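Student: As they're listed, the protein sequences go chains A and B.
Take the first sequence: its position 231, counting from 1, is numbered 270 in our numbering, and each next residue is one higher.
Take the second sequence: its position 256, counting from 1, is numbered 246 in our numbering, and each next residue is one higher.
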Amino acid sequence: MPDDKTIHLKIKRQDQPDGKSYWEEFELPRKPRANVISCLMDIQMHPITREGKEVTPVVWECNCLEEVCGACTMVINGKVRQACTALVDALPQPIVLEPMSKFPLVRDLHVDRSRMFENLKKVKAWIHIDGTYDIGEGPVIPEKQRAKAYLLSECMTCGCCLEACPQFAKDNDFMGASTFSQVRLFNMHPTGAMEQEERLDAIMGEGGIADCGNAQVCVEVCPKKIPLTESIAEIGRETTLQLLKNLFLK
Amino acid sequence: MRKRKPQYIVIGGGLAGLAATMKLCEDKAKVTLVSYQPVKRSHSVCAQGGINAAIDTKGEGDSPESHFYDTVKGGDFLAHQPLVRDMCYQAPAIIHLMDRLGVAFNRTPEGHLEFRRFGGTLYSRTAFAGSTTGQQLLYALDEQVRRYESEGQVKKLEWHEYLSAVLDSEGICRGAVLHDLRSGEIFTVKGDAVVLATGGPAQVYGKTTGSTVCNGAATTSAYLQGAKYANGEFIQVHPTAIPGQDKLRLMSESARGEGGRIWVSRKQNDNRDPLNIPEEERYYFLEENHPRFGNLVPRDVASREIHDIVYNQKLGIGGQPMVYLDLTHHSEGFLEHRLGGILDIYTKFTGDDPKKVPMKIFPAVHYSMGGIWTDYEDDGNGLIDHKSPRNQMTSIPGLYAAGECDYQFHGANRLGANSLLSCIYTGLMMGPGLIQYSRNLTSHVEEVSSTVFDQARDQWRGRMQAFKQMNGRENPYILHQELGEIMLANVLIVRENSRLAKALTQIDDLEIRFKDLQCPDTTHWSNPAPSMIQQLHCQIQLAKIITKGALIRNEFRGAHYKPEFDLNQPEDFDPHEYVEYNEKRQYGEIREDEFPPGHTSYMKRYEECNEKWLKTTIAEYQNNQPEISFEEVNTSLVQPRPRKYD
Ligand SMILES: Cc1cc2nc3c(=O)[nH]c(=O)nc-3n(C[C@H](O)[C@H](O)[C@H](O)COP(=O)(O)OP(=O)(O)OC[C@H]3O[C@@H](n4cnc5c(N)ncnc54)[C@H](O)[C@@H]3O)c2cc1C
Ligand code: SF4
Ligand code: SF4
Ligand code: FES
């Protein structure tokens, strides 16, 4: 029985993208300041289930271990979040780990989020500069505007907002809140604004912002507290204007 | 005939790798960019505090020349001076470029770049984007590279591991052996040159401030192929980290840059709530011992002082190895605005709010000043010839390195906020030289016999297969943990020859046990175990480089502290005396009474020590051991002198 000296983990596993999923349970000694990642590391050192069966270590993705790289996102006790900031002492037991369900599975808790990076390409999420040569200072930017942009620029492409979104599914093209928010970020920048129209056009078609049902769950799960609904509203307004412009000017 | 496009393989998509890729693409080259994970998740995102450039917006009189001096002094004069100087002169243009790329750098009321203070300097020289500067810089470069990718100039191979360089019959690097981490496939790619931008080796120490992929395997693999490894023993221990199970999370130097104070109770084993310890019973030891630099002494100095307070004076918090880092004298609004991100990290991992209570911190392994040896060519005027193909080339022709994995910029100790700079600088600076290298090649990679590539591939297929089939008794993850424990116990802040020698035997024992590993996973899809074993093999070799270098270097320089060889600088010594001493020295021996008592003999000791040890440590792989030799350091621009941070 798990007590305050042990940690009980229940992990959903799958060996291959087209394989079948199965559950395995582990019981580990509790250590001070443990988080879900340190538990998975303990399993690597002792890959033995609760029933005493020797198994392969669990596969998952991580890097920074301080919630800035976005890699370790998974579903923990039913909630999508980062495993590195999931402190064991704050979680009810058994701790249930599942991979994100909206992305193609690679193995165990590891999924493929390439779609998010592809979306960044579609909306030209960059600032097109003339070149890297030294042409002096960048644009003067008011601190208030900078602070607003900074909030958006902390998005670590983790995918929590997409996992939680009712519109976002494996078999559609919906771009999702994080992409819309990036459009807003680049449109806000004085140089970035020069490509504003191309970005808006990119999110006006299929899978674009019109498909957003405004359920607003995205903003609740974002670990970086990015004001996603504000971004969606603002980009929504901009696309409406763009639509009118396209109608009359083209 | 269409002009042949130069083509490169860049390994690693941290700041250095992305900067190099962007610059090469601008010069119309084609780049294959290889990384363990999506490059946007690289370790560089962890950097919090900022990036240095002497732009002097506050009328403090700062200049690239002062930045250069502070950096070489911070590194205890072990870095090649023309390189450091060139980097510092390029720094303002780098910051402006990053600003143009959209990095959300904090602003002044007028809308210009804001700067803050960092360790080892008296100027406000550090630009910052909230407290996630590395993340913001990395994203900006990642976006530029994504643009080139969408235009077809960059091919990304994420979820791929670099195993080694492909060397032709003349020992020239012609490509790389890669490992697809999902399918397990091992194959080669061809290029005019290969750039290693694979970051630091923190994982050799196990628990550190580094990320999980900072394993040092790529550069060690190059060393095993014959490349020189330099200054391995210079490992930076950061004074302020949060203790943890899986990682020691950094509390950035910016906390002290914004006025954070380090203290302990003057009483041993004091268990009182820190807020109840009255001012007069608090010992602000850095401020008392260094009135001018205070809490912003360089990292090596701060880590040593904390070590001394905790282990020798036994003044750690409640007798534990921890001291306070206190920001509670600032308003919550100010702290949220300037340090929000890092304070959140503290709260997330400890449950305490550093805006209300002092943080508890302790030193942790953080950065490697050493790395794979690389070359440079100066222009004769104390700067770098940017067109030279020698710049950033390792001792294997055609194999280049940039970023934390090279060794050239930080000497014996790195100053805060200088690494992000050196990473971007090297990535950009090496571009023109790489293009020149392609032009100079007398035979192109297309003409190299395919057997060269096939052999390299087959050799690695065999090797990785053998790792996968290991069926002994040892678990590789446990062995890795033990390696870290050996290094932390013996090759850290205070170094003693007896313990270093012991560590070397322990590493040898570990190497024997390595042969008895069991690969814990033998499946064929997305199996990280064989890679982990290969990385562990490299880390054992790297641990030997670090430890043997430390054992042989019998002096105290920067982060390499051997009390036995401390030259005992007199308390009232002024480093300028040494400049005077050197001038007089040209006219013959100096009498003891020409300087205050004890100073002349101290300066003689210093001179002799430099004569012997002001050298780059070079490790070369021979008979399964690092063979150590020494090379001259270029100190042609400023006279090395004793460091002092009063
Ligand atoms: C917590 C923390 C805070 C820091 N804060 C600051 C700061 O404020 N200011 C400052 O100047 N410096 C700071 N530093 C140091 C600085 O962050 C690093 O030195 C720098 O980011 C290293 O960048 P890089 O480009 O060399 O490598 P990294 O960003 O480490 O990237 C390495 C890349 O190589 C890839 N890679 C490695 N090996 C292989 C392989 N075998 N095969 C395929 N791919 C591989 C990785 O996937 C990754 O993409 C900090 C460091 C830490 C740990
Ligand atoms: S508002 Fe709702 S539908 Fe729109 S992105 Fe957010 S969660 Fe999805
Ligand atoms: S917006 Fe938030 S939840 Fe969505 S990917 Fe970015 S950081 Fe993650
Ligand atoms: S490991 Fe980077 S977010 Fe958790």
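For every residue, glycine included, the Cβ atom is placed at its ideal position computed from N, Cα and C.
Computed from a predicted model, the values in this text were never measured in an experiment.
(1) Taking one C-beta from the region 423 to 443 of chain B and one from the region 241 to 259 of chain B each time, how about it: are there three or more such pairs within less than 8 Å?
(2) What's the C-alpha gap between Glu90(A) and Val98(A)?
(3) Is Gln121(A) near ligand 4, in the sense that its beta carbon is under 7 Å from a heavy atom of that ligand?
(4) Check whether the Cβ atoms of Gln27(B) and Ala110(A) lie closer than 8 Å to each other.
(5) Assuming Phe58(B) is part of the alpha helix (DSSP H), what are its boundary residues?
(6) Helix, strand or coil for Arg547(B), going by three-state DSSP, please let me know.
(7) Rounded to a whole number of angstroms, what is the C-alpha to C-alpha distance between Met80(A) and Asp236(B)?
(8) Count the other C-beta atoms from every protein chain shown that fall within 10 angstroms of the C-beta of Tyr172(A), then say buried if there are 16 or more, exposed otherwise.
(9) Run through chain B and tell me which residues come within less than 9 Å of Ser77(A), C-beta to C-beta.
(10) For ligand 1, I want to know if Ser409(B) counts as a neighbour, meaning its beta carbon is within less than 7 Å of at least one of the ligand's heavy atoms.
(11) Below 9 Å between beta carbons is the criterion; list the residues of the region 90 to 117 of chain B that meet it against any residue of chain A, in chain order.
(12) DSSP beta-bridge partners for Phe352(B)?
(13) Can you have a look at Met522(B) and say buried or exposed, based on whether 16 or more other CB atoms are within 10 angstroms of its CB?
(14) Please tell me whether, using a cut-off of 7 Å, the distance from the CB of Cys261(A) to the nearest non-hydrogen atom of ligand 3 is below it.
(15) In the structure shown, what three-state DSSP assignment does His33(B) receive?
(16) If the cut is a Cβ gap below 8 Å, which residues of chain A does Ile468(B) touch?
(17) Is His514(B) closer than 8 Å to Gly174(B) when the C-beta atoms are compared?
(18) For Tyr336(B), write down the residues that DSSP places opposite it in a beta bridge.
(19) Just checking: is the beta-carbon of Ser412(B) within a distance shorter than 8 Å of some beta-carbon in chain A?
(20) For Arg581(B) and Arg633(B), I'd like the C-alpha separation in whole angstroms.
(21) Which parts of the region 582 to 622 of chain B are runs of the beta strand (DSSP E), unbroken and 3 residues or longer, counting only runs that do not cross its ends?
(22) Return the residue from the list Gln126(B), Ile307(B) and Gln382(B) that minimises the CA-CA distance to Met77(B).
(23) State the start and end residues of the unbroken beta strand (DSSP E) segment that holds Val179(B).
(24) So, Leu500(B) versus Gly462(B), is the Cβ gap smaller than 8 Å?
(25) What would DSSP say about Gly361(B), mapped onto helix, strand or coil?
(26) If you run the structure through DSSP and keep just helix, strand and coil, what is Ile242(A)?
(27) Measure from the alpha carbon of Asn517(B) to the alpha carbon of each residue in Leu48(A), Gln83(A), Val256(A) and Val75(A), then state which is nearest.
(28) Excluding the five sequence neighbours on either side, which residues of its own chain have a C-beta within less than 7 Å of the C-beta of Tyr195(B), listed in chain order?
(29) Determine the extent of the alpha helix (DSSP H) in which Gly423(B) is found, giving its start and end residues.
(30) Assuming Ile374(B) and Pro565(B) are in contact, meaning their beta carbons sit under 8 Å apart, how far apart are those beta carbons, in whole angstroms?
(31) Any heavy atom of ligand 2 inside 7 Å of the beta-carbon of Leu267(A)?
(32) Anyone know if the C-beta pair for Cys163(B) and Val184(B) falls short of 8 Å?
(33) Quick one: what's got a C-beta closer than 6 Å to Arg97(B)'s C-beta in the same chain, skipping five residues either side?
(34) My parser needs the alpha helix (DSSP H) runs of 4 or more residues fully inside the region 236 to 288 of chain A; what are they?
(35) Which residue from Ala241(A), Ile115(A) and Pro133(A) puts its Cα closest to that of Ala125(A)?
(36) Taking contact to mean at least 3 C-beta pairs separated by less than 8 Å, is the region 432 to 446 of chain B in contact with the region 51 to 62 of chain A?
Tutor: To lay it out plainly:
(1) no
(2) Translated into positions along the first sequence, residue 90(A) becomes position 51. Translated into positions along the first sequence, residue 98(A) becomes position 59. Those two C-alpha atoms are separated by around 20 Å.
(3) As a position in the first sequence, residue 121(A) is number 82, starting the count at 1. Yes, ligand 4 has a heavy atom inside 7 Å of this Cβ.
(4) Taking the first residue of the second sequence as position 1, residue 27(B) is located at position 37. Taking the first residue of the first sequence as position 1, residue 110(A) is located at position 71. Yes. Within cutoff.
(5) What you label residue 58(B) is simply residue 68 of the second sequence in a count that begins at 1. From DSSP, the alpha helix (DSSP H) with Phe58(B) extends over Pro54 to Gly64.
(6) Looking up residue 547(B) in the second sequence gives position 557. If DSSP states are grouped into helix, strand and coil, Arg547(B) belongs with the strands.
(7) The residue given as residue 80(A) occupies position 41 in the first sequence. The residue given as residue 236(B) occupies position 246 in the second sequence. Roughly 8 Å between the two C-alpha positions.
(8) Position 133 of the first sequence, counting from 1, holds the residue named residue 172(A). That one is exposed.
(9) By one-based count along the first sequence, residue 77(A) stands at place 38. Ordered by position in chain B, the residues that pass the 9 Å Cβ test against Ser77(A) are Gly234, Gln235, Asp236 and Lys237.
(10) Locating residue 409(B) in the second sequence gives position 419, counting from the first residue. Answer for Ser409(B): yes, Cβ within range of ligand 1.
(11) Arg90, Leu91, Gly92, Val93, Ala94, Phe95, Asn96, Arg97, Thr98, Pro99, Glu100, Gly101, His102, Leu103 and Glu104
(12) Taking the first residue of the second sequence as 1, we reach residue 352(B) at position 362. DSSP, once it has assigned bridges, lists Ala231(B) as partnering Phe352(B).
(13) Counting from one through the second sequence, the residue named residue 522(B) turns up at place 532. Buried: at least 16 other Cβ atoms inside 10 Å.
(14) For the purposes of this step, residue 261(A) is identified with residue 222 of the first sequence, where counting begins at 1. Yes, the beta carbon of Cys261(A) sits closer than 7 Å to at least one heavy atom of ligand 3.
(15) Residue mapping note: residue 33(B) aligns to position 43 of the second sequence, counting from 1. Helix.
(16) Stepping through the second sequence from its first residue, residue 468(B) is reached at position 478. Here the neighbours are Met84.
(17) The sequence position of residue 174(B) within the second sequence is 184, counting from 1. The sequence position of residue 514(B) within the second sequence is 524, counting from 1. Yes, these two residues count as a Cβ contact at 8 Å.
(18) Position 346 of the second sequence, counted from the first residue, corresponds to residue 336(B). DSSP output for Tyr336(B) lists no bridge partner at all.
(19) Within the second sequence, residue 412(B) is the residue found at index 422, counting from 1. With 8 Å as the cut-off, Ser412(B) does not count as an interface residue toward chain A.
(20) Within the second sequence, the letter at position 591 stands for residue 581(B). Within the second sequence, the letter at position 643 stands for residue 633(B). Distance between the alpha carbons of Arg581(B) and Arg633(B): 23 Å.
(21) 605 to 612 and 615 to 622
(22) Residue 77(B) sits at position 87 when you count from the first residue of the second sequence. For the residues Gln126(B), Ile307(B) and Gln382(B), the minimum Cα distance to Met77(B) belongs to Gln382(B).
(23) Translated into the one-based positions of the second sequence, residue 179(B) becomes position 189. That run of the beta strand (DSSP E) goes Ile176 to Lys180.
(24) Against the second sequence, residue 500(B) aligns to sequence position 510. Against the second sequence, residue 462(B) aligns to sequence position 472. Cβ atoms of Leu500(B) and Gly462(B): not closer than 8 Å.
(25) Stepping through the second sequence from its first residue, residue 361(B) is reached at position 371. It is a strand residue.
(26) Taking the first sequence and counting its residues from 1, the one referred to as residue 242(A) is at position 203. In the structure shown, Ile242(A) sits in coil (DSSP, three-state: anything other than H, G, I, E or B).
(27) Numbered from its first residue, the second sequence carries residue 517(B) at position 527. The shortest C-alpha separation from Asn517(B) is found at Gln83(A).
(28) Locating residue 195(B) in the second sequence gives position 205, where the first residue counts as 1. Val355, Gly474, Met477 and Leu478, listed in sequence order.
(29) Working through the second sequence from its first residue, we reach residue 423(B) at position 433. Here the alpha helix (DSSP H) through Gly423(B) covers Ser409 to Asn430.
(30) To locate residue 374(B), count along the second sequence from 1; it is residue 384. To locate residue 565(B), count along the second sequence from 1; it is residue 575. Contact doesn't hold; Cβ gap of about 27 Å is too wide.
(31) Position 228 of the first sequence, counted from the first residue, corresponds to residue 267(A). Correct: Leu267(A) has its Cβ closer than 7 Å to ligand 2.
(32) As a first step, residue 163(B) is located in the second sequence; it is residue number 173 there, counting from the start. As a first step, residue 184(B) is located in the second sequence; it is residue number 194 there, counting from the start. Against a cut-off of 8 Å, the Cβ pair of Val184(B) and Cys163(B) comes out as a contact.
(33) Looking up residue 97(B) in the second sequence gives position 107. Counting only Cβ-Cβ distances below 6 Å, and skipping sequence neighbours, we find Glu104.
(34) 256 to 260 and 267 to 288
(35) The sequence position of residue 125(A) within the first sequence is 86, counting from 1. Closest option to Ala125(A), Cα to Cα, is Ile115(A).
(36) no
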